[in-house]
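*Asks:* Just add 127 to the spot in the sequence shown (first one is 1) and you have this note's numbering.
Backbone N, C-alpha and C define an ideal beta-carbon position, used for all residues, glycine too.
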Amino acid sequence: MQVRDLIGERLRENLKSSLSELHELVARSLGDYGQRYTTNRRLLVEILAAATKPLGISEITVSGLGSDRNLPVSSTYRNLAILEECGVLRKLAGPNEQVRYELSEELTGIHHHHLVCYGCGRVDDFSLGYKLEKAIGDAVRAISHEYNFQVTEHRVDFVGRCIVCVG
Ligand SMILES: [Zn+2]
Ligand SMILES: [Zn+2]
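(1) What are the start and end residues of the alpha helix (DSSP H) that includes His150?
(2) Any heavy atom of ligand 2 inside 7 Å of the beta-carbon of Glu260?
(3) Cβ of Ile263 within 7 Å of any heavy atom in ligand 2?
(4) Give the DSSP-derived three-state secondary structure of Ala262 in the structure shown.
(5) Reducing DSSP to helix, strand and coil, say where Val243 ends up.
(6) Could you check the C-alpha separation between Thr166 and Glu173 for me, to the nearest Å?
(7) Identify every residue that forms a DSSP beta bridge with Phe253.
(8) Bridge partners for Gly287 per DSSP, in chain order?
(9) Mind checking whether Leu127 and Leu171 have CB atoms under 8 Å apart?
(10) Suppose you measure from the CA of Thr179 to the CA of Lys261; what does that come to, to the nearest Å?
(11) Judging by CA-CA distance, which residue of Lys258, Thr235, Tyr257, Leu259 is the nearest neighbour of Gly214?
(12) Out of curiosity, what's the CA-to-CA distance linking His281 and Ile263?
(13) Hey, how far is the Cα of Glu186 from the Cα of Arg268?
(14) Do the region 154-168 and the region 219-227 make contact, defined as three or more Cβ pairs closer than 8 Å?
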């Protein structure tokens, strides 16, 4: 099993036991912004909670087809933007300006990074591991000191070509 699958597994295990807890947190986040947690927004959160990697809009709407509810594309765009504004989702700029979404790390509690393929456009989650995260932590402290800037999080994506595209 690959690293990214392990992250997906952990995330799904975490969320399976606490899907109602997740919905509570999301409802609270939306409430803080005066937004309602509608049926379609709940469905979007559930689709992204079940995903093993960040999803594009078309993947999200296709995932919605299997359910008894449907996700109109126009309102899906708006709902995803609102969920992002409320800190529920994180938006990733993928290759070719294709946008992808995932649950925010604040919600999942699972810090991770991304491998972004410019060949086929896939984006995979992966974890750097303790040693490398610690090295980044050291760099963050040095940067905070040197630039007098309070760093609250880091976002590091690695861009290149996946094994399929390298051929
Ligand atoms: Zn690729
Ligand atoms: Zn990190």
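*Replies:* On the basis of the coordinates in this document:
(1) Position 23 of the sequence shown, counting from 1, holds the residue named residue 150. Looking at the DSSP string, the run of the alpha helix (DSSP H) that includes His150 is 146-159.
(2) In the sequence shown, residue 260 corresponds to position 133, counting from 1. Glu260 Cβ: within cutoff of ligand 2.
(3) Locating residue 263 in the sequence shown gives position 136, where the first residue counts as 1. True, at least one ligand heavy atom lies under 7 Å from that Cβ.
(4) Sequence index remark: in the sequence shown, residue 262 carries index 135 (1-based). If DSSP states are grouped into helix, strand and coil, Ala262 belongs with the helices.
(5) Residue 243 sits at position 116 when you count from the first residue of the sequence shown. Residue state, collapsed to three classes: strand.
(6) Here residue 166 is taken as the residue at index 39 of the sequence shown, counted from 1. Here residue 173 is taken as the residue at index 46 of the sequence shown, counted from 1. In a straight line, the C-alpha of Thr166 is about 11 Å away from that of Glu173.
(7) By 1-based counting over the sequence shown, the position of residue 253 is 126. According to DSSP, Phe253 bridges with His240.
(8) Looking up residue 287 in the sequence shown gives position 160. Note: Gly287 sits in a beta bridge opposite Cys244.
(9) In the structure displayed, the chain extends from 128 to 294; residue 127 sits before or after that span and is not available.
(10) Indexing the sequence shown from 1 puts residue 179 at position 52. Indexing the sequence shown from 1 puts residue 261 at position 134. The alpha-carbon atoms of Thr179 and Lys261 are separated by roughly 25 Å.
(11) Counted from its first residue, the sequence shown places residue 214 at position 87. It is Thr235 whose Cα lies nearest to the Cα of Gly214.
(12) Taking the first residue of the sequence shown as 1, we reach residue 281 at position 154. Taking the first residue of the sequence shown as 1, we reach residue 263 at position 136. Approximately 9 Å, taken between the alpha carbons.
(13) As a first step, residue 186 must be located in the sequence shown, where it is residue number 59. As a first step, residue 268 must be located in the sequence shown, where it is residue number 141. Glu186 and Arg268: Cα-Cα distance of roughly 38 Å.
(14) no
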